[in-house]
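Going by this note's numbering, the first residue of the sequence shown is number 76, and it counts up by one from there.
All residues carry an ideal CB built from backbone N, CA and C; glycine is no exception.
Computed from a predicted model, the values in this text were never measured in an experiment.
This report refers to the structure that appears directly beneath it.
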Amino acid sequence: MEKIIEIDLDNEDDLFECYNKKKISRDLIQYMIDSMPRLKRNDKLKVVINNKIKGNIRCAELIKQAIDEACDRSDFRFHYTNMKQIWFLILGVIALLVASVIDGEILKEIVIIGAWVLLWDVVEMEVVDDINNRKKKRILKKILSSEFVENIK
């Protein structure tokens, strides 16, 4: 069965960013992600672009490039989050080790709480950020590999 994502582009403001007419709108890419239908194993995805923009702008290739750039940003965000997790883990373990040698009860508890906050941030980043990032990238890859049809009106 064929599933369709339909995009109506009435003017250049629908396609490009407000302040940079060389970049595709992030809102457009987010709309494509949000409107992604649930696909089964044998389903095919088709992106239909109804292009009503004056000036013969070929939107399909521009949108594909923007999706590819979004995948690259997703890879960077994944790497950045992993590096942040490593640092938080190291700092949390060091704080727990420091807490084990501190004699003052109140200061020891403060350091232990700070260490656990860092360690729980590592877990939260893995559960929330990494899972959402992987899901977004998987959707972008499916959209990028789909058939694009541009209807120029």
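Between the CA atoms of L182 and D88 - distance to the nearest angstrom: 56 angstroms
What alpha helix (DSSP H) runs, 4 residues minimum, are completely inside the region 169-204? 180-199
Short of 8 angstroms in beta carbon distance, which residues of its chain neighbour D85, apart from the five on each side in sequence? Order them along the chain. K127, I128
What does a CB cutoff of less than 8 angstroms around D150 pick up in its chain, not counting 5 residues either side in sequence? Within the same chain, D150 has close Cβ partners K212.
Find out if the Cβ-Cβ distance for the pair D167, A145 is shorter than 9 angstroms. This sequence places Gly at residue 167; Asp is not what is there. For G167 and A145, no; Cβs fall outside 9 angstroms.
Cutting at 8 angstroms between CB atoms, please list the residues of its own chain near N125, excluding the five before and the five after it. E81, I82, D83, L84, N226, K228
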